[in-house]
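S.K.:
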Amino acid sequence: MKKIIIAVTVVLVFLVALFGPFNVYHYVSAEEIVKRTSFVFEMIYEGDNWEVTEVEYLGRQTYYVKMQNEDTYIIQINGNKYHLEVDVYSGGQSYGVFLEYL
9 MKKIIIAVTV
19 VLVFLVALFG
29 PFNVYHYVSA
39 EEIVKRTSFV
49 FEMIYEGDNW
59 EVTEVEYLGR
69 QTYYVKMQNE
79 DTYIIQINGN
89 KYHLEVDVYS
99 GGQSYGVFLE
109 YL
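Under this note's numbering, the first residue of the sequence shown is numbered 9, with each subsequent residue one higher.
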């Protein structure tokens, strides 16, 4: 009985880590996920150097992003296979982009 409880606990901890608010997938691949939404930075910087140098996953699909020019942003990415919504916050300003896939 003790082994069953331990096994169930391990499975539950693994599932929470994988799918919970602090998703392990997002933590491991944070930089790749943010770079997929780089079109937002192209709109903000309009051709300036906007290379992402540091990405940190904060939880609930929210990322801290530091750029090469020392600007910092908080990015929240929401979406599914039909649409993508990206909200970018920095210094009291916010930028929002909504894309709908056809």
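C-beta: ideal position from N, C-alpha, C; glycine also.
(1) Distance, Cα to Cα, T17 vs V63?
(2) Please determine, among I14, S37, T80, the residue with the shortest C-alpha to C-alpha distance to G100.
(3) Across which residues does DSSP place Q101 in a beta bridge pair?
(4) At what residue ranges does the region 61-93 contain a whole run of the beta strand (DSSP E), taking only runs of 3 or more?
(5) Is it true that the CB of Y65 sits closer than 7 Å to the CB of I83?
(6) What are the boundary residues of the alpha helix (DSSP H) that includes E59?
(7) Here's the rule: buried if 16 or more other CB atoms are within 10 angstroms of the residue's CB, otherwise exposed. What is M9?
(8) Less than 6 Å between C-beta atoms, sequence neighbours within five positions excluded: which residues of the same chain meet that for D95?
M.R.: According to the structure shown:
(1) 31 Å
(2) T80
(3) S98
(4) 70-75, 80-87
(5) no
(6) Per DSSP, E59 belongs to no alpha helix (DSSP H) and is neither H nor E.
(7) exposed
(8) Q84, G104
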